[in-house]
Amino acid sequence: MKKIQDCKVKEIKLLNEDTYILDLELPVVPENIEAGNFAELRVDNTADVFLRRPFSVYSVDYDKKTVGFFVKIIGKGTQLLSQLELNDNLNMIYPLGNSFSTPENKKVLIIGGGSGIAPLVLLGKKQKEAGNDVTFLLGGRAAKDIHLIEEFEQYGEVKITTEDGSLGEKGRVTDHSVFQNITDFTHIFTCGPDPMMHAIGKIAQKNGIECEVSLENTMACGFGACLCCITETTTGNRCVCTEGPVFNVNELTW
Ligand SMILES: Cc1cc2nc3c(=O)[nH]c(=O)nc-3n(C[C@H](O)[C@H](O)[C@H](O)COP(=O)(O)OP(=O)(O)OC[C@H]3O[C@@H](n4cnc5c(N)ncnc54)[C@H](O)[C@@H]3O)c2cc1C
Ligand code: FES
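Following my numbering, the numbering of the sequence shown begins with -1 at its first residue and continues without gaps.
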């Protein structure tokens, strides 16, 4: 059940100049957090960051009562969050949204680009626990944009592409050689920039592979009231915040 909770900053770990992990301590961590769930964080009450900002759950630690977020600075809200200090208070609505499905004993490819890798470590963990054979493909512009490799390696093989070739294979994720034998995989799960997810979705559809994408449409309320996060689907317009963010590509009118 979703809750509005005050929480405390437990740690902010900078990964590079524009990316960090924000660990928040909660009085109560809701049970059954799934990969794909997100939170709406209240950043500030000033006019330019009045609205809450949505972030996928990156990690959950029930013993320490912490929930972690992997955040890329792109504007004022994500900048202000990076400047919080230990024990600062923050208000969040959590958990929101649906989650990726969990097949059993299948071969799954999990593809992340940019800040879209945020929900994918938890996803890899859940997929491995369900007996799936997990491969990760991470993409970025350069080596400095590739994060959390060791965390991903706990749950499967990690493949990498960078556009400048500074780490892994050179090119975009869809240029990676893993796509030469893509029908080896039964499922693809992805989160990242829209053009990347479109390209992956098309390849999956062409090859009859189950594919789920986690959309990052701009959001305001996060609970179905403002309708600013609508996406077009084969069954009409749907709210990404309440009916997503995870959709099967066959439901989308891409
Ligand atoms: C369900 C969901 C989960 C998300 N999970 C994460 C996550 O785990 N980690 C993370 O770093 N980010 C995540 N995002 C994106 C994150 O919410 C935005 O980057 C953040 O709200 C930007 O706030 P800001 O105040 O820093 O930037 P703003 O000042 O609000 O925006 C700066 C620029 O970024 C654009 N922008 C704002 N929001 C988005 C968006 N959602 N998609 C594309 N462009 C946008 C604006 O149009 C503007 O041009 C998620 C978004 C959604 C919808
Ligand atoms: S963000 Fe308001 S309806 Fe989805």
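Cβ atoms here follow ideal geometry from the backbone N, Cα and C, with glycine treated the same way. What you are looking at is a predicted structure, and each value in this text was computed from that prediction instead of being measured.
Helix, strand or coil at Pro193 according to DSSP, with G and I counted as helix = The three-state secondary structure of Pro193, taken from DSSP, is helix.
task = Answer yes or no: do Val247 and Cys189 have a C-beta to C-beta separation smaller than 8 Å?
result = At least 8 Å separates the beta-carbon of Val247 from that of Cys189.
query = Can you list, in chain order, the stretches of the alpha helix (DSSP H) that have 4 or more residues and sit fully within the stretch 170 to 214?
reply = Complete alpha helix (DSSP H) runs here, min 4: 192 to 204.
Residue range of the beta strand (DSSP E) that includes Leu12 = Looking at the DSSP string, the run of the beta strand (DSSP E) that includes Leu12 is 1 to 14.
inquiry  = Alpha carbons only, please: which of Glu23, Ala140, Ile228 is nearest the one belonging to Asp59?
reply    = Taking only the C-alpha atoms, the option nearest Asp59 is Glu23.
query = Which runs of the alpha helix (DSSP H), 4 residues or longer, sit entirely within the stretch 107 to 183?
reply = Whole alpha helix (DSSP H) segments, 4+ residues: 118 to 127, 147 to 151.
inquiry  = Determine whether the beta carbon atoms of Val69 and Pro93 lie at a separation below 8 Å.
reply    = Between Val69 and Pro93, the CB-CB gap reaches or exceeds 8 Å.
message = Counting C-beta neighbours from all protein chains within 10 Å, is the total for Asp41 16 or more, i.e. buried, or is it exposed?
response = A small correction: the amino acid at residue 41 is Val; Asp does not occupy that position in the sequence shown. Answer is buried; the Cβ neighbour count reaches 16.
query = Counting by C-beta, which residues lie closer than 5 Å to a heavy atom of ligand 1, in chain order?
reply = After applying the 5 Å Cβ criterion, the set is Phe36, Arg51, Pro52, Phe53, Ser54, Val69, Lys70, Ile72, Gly73, Lys74, Gly75, Thr76, Ser113, Ala116, Glu214, Thr216, Met217, Pro243.
key: alpha helix (DSSP H) segments (min. 4 residues) lying fully within the stretch 15 to 102   = 74 to 80, all fully within the stretch 15 to 102.
query = How many angstroms separate the CA atom of Ile2 from the CA atom of Phe221?
reply = Their backbone Cα atoms lie some 12 Å apart in a straight line.
ask   = To which residues does DSSP link Phe245 through a beta bridge?
value = In DSSP, Phe245 forms a bridge with Val211.
message = In this structure, how does DSSP classify Thr240 when only helix, strand and coil are distinguished?
response = DSSP places Thr240 within a helical segment (H, G or I) once states are collapsed to three.
ask   = Looking at the structure shown, is Lys105 part of a helix, part of a strand, or coil, going by DSSP?
value = In the displayed model, Lys105 falls within a strand according to three-state DSSP.
ask   = Span of the beta strand (DSSP E) holding Thr233?
value = Looking at the DSSP string, Thr233 is not in any beta strand (DSSP E), and its letter there is neither H nor E.
ask   = Does ligand 2 have a heavy atom nearer than 7 Å to the CB of Ala223?
value = Yes.
task = May I ask you to report which of helix, strand or coil DSSP gives Leu250?
result = Strand at Leu250.
task = Under 7 Å Cβ to Cβ from Leu84, same chain only, skipping five residues before and after it: list those, please.
result = If we look at Leu84 and ignore the five residues flanking it on each side, its Cβ neighbours are Val7.
query = Can you check whether the CB of Asn96 is closer than 8 Å to the CB of Gly199?
reply = No, Cβ-Cβ distance for Gly199 and Asn96 is not below 8 Å.
request  = Using the Cα positions of Ala33 and Ala128, report the straight-line distance between them to the nearest angstrom.
outcome  = About 13 Å.
query = Can you tell which of Asp143, Leu136, Val238, Leu165 has the C-alpha that lies nearest to the C-alpha of Glu151?
reply = The closest CA to that of Glu151, considering only Asp143, Leu136, Val238, Leu165, is found on Leu136.
request  = Out of Asn179, Ile158, Met90, point me to the one whose CA is closest to Val27's CA.
outcome  = Val27 has its Cα closest to that of Met90, out of Asn179, Ile158, Met90.
key: Nearest residue (CA-CA) to Leu118, options Leu165, Phe187, Ile228, Ser164   = The shortest C-alpha to C-alpha distance from Leu118 to any of Leu165, Phe187, Ile228, Ser164 is the one to Phe187.
ask   = Going by beta carbon distance, what residues of the same chain come within less than 6 Å of Ala116, once the five residues before and after it are set aside?
value = Correct list, in chain order: Ser54, Tyr56, Phe68.
ask   = Given that a residue counts as buried once 16 or more other Cβ atoms are within 10 Å of its Cβ, and exposed if not, what is Ser175?
value = Ser175 counts as exposed, since fewer than 16 other beta carbons sit within 10 angstroms of its beta carbon.
ask   = CB-CB under 6 Å to Asn130, same chain, minus the five flanking residues each way: which ones, in chain order?
value = Cβ neighbours of Asn130 beyond the five flanking positions: Lys104, Val106.
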